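Colleague: To start, I am sharing the structure in question, which I have written as structure tokens.
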Amino acid sequence: MNLEEPLTVRLEMDERWGRVYCKETPCWLWHAINHENGELIAYVLGSREHDMLQQLLELLNGLNLNIVSVYSDNNFAYHDSISPEILQPGKKNTQKIERKHLTFRTRLKRLARKTICFSKSLHMHKIMIGLLINVLEFGVHFFRAQPRFGTRIVV
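For the sequence shown, position 102 matches number 86 in my numbering, and the numbering has no gaps at all.
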């Protein structure tokens, strides 16, 4: 593989909310995955506004990718920010990213739909999402169980 040539990809993009401090303060996870294999390409955390999608698109532009199509839901931000030639809205081709949402909700209680669990601060919320992504996507475990002494942080 030549690293000078851009990698041609088809992306699935979506956003997922989590709550910080209380129900009235959502924090949105915007992320893009490779449609072919489901690998996470990039993500950002913040509001549900256009500027967060712009940050995600800037991250993707810096990765030397040739994006041939983007599958997403019908969120207005995608229509405003992504070229209509490559944007394909609808639920037909977003099964992998929706499955990731289900996995995230199952593994991290503060992302569940009906819950009383919240992150206490935006900083901790971002740390927990980052740790979850590292464990699920890259297999990086920061904790190692020791039978006699409980759990220990491993860096």
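Glycine is no exception: its CB is placed at the ideal position from the N, C-alpha and C atoms. Values in this document were obtained by computation on a predicted structure and should not be read as measured data.
Give me the residue from 70, 9 and 78 with the minimum Cα distance to residue 19.
Modeller: 78
Colleague: If you measure from the beta carbon of residue 76 to each beta carbon in chain B, is any gap under 8 Å?
Modeller: Looking at the structure shown, chain B is missing, and only one protein chain is on hand.
Colleague: Would the stretch 25 to 42 and the stretch 55 to 72 be scored as touching if the rule is three or more Cβ pairs under 8 Å?
Modeller: yes
Colleague: What does a CB cutoff of less than 8 Å around residue 23 pick up in its chain, not counting 5 residues either side in sequence?
Modeller: 17 and 121
Colleague: Whole angstroms is fine: what's the gap from residue -7's alpha carbon to residue 47's?
Modeller: 11 Å
Colleague: Could you give the residue range of the alpha helix (DSSP H) that holds residue 65?
Modeller: For residue 65, the enclosing alpha helix (DSSP H) starts and ends at 60 to 65.
Colleague: Please return the same chain residues whose Cβ sits closer than 8 Å to the Cβ of residue 124, not counting the five positions on each side in sequence.
Modeller: The answer, listed in chain order, is 118.
Colleague: Quick one: grab the DSSP three-state call for residue 28.
Modeller: strand
Colleague: Near residue 0, which residues of its chain fall below 6 Å by C-beta distance, leaving aside the five closest residues on each side in sequence?
Modeller: 13 and 85
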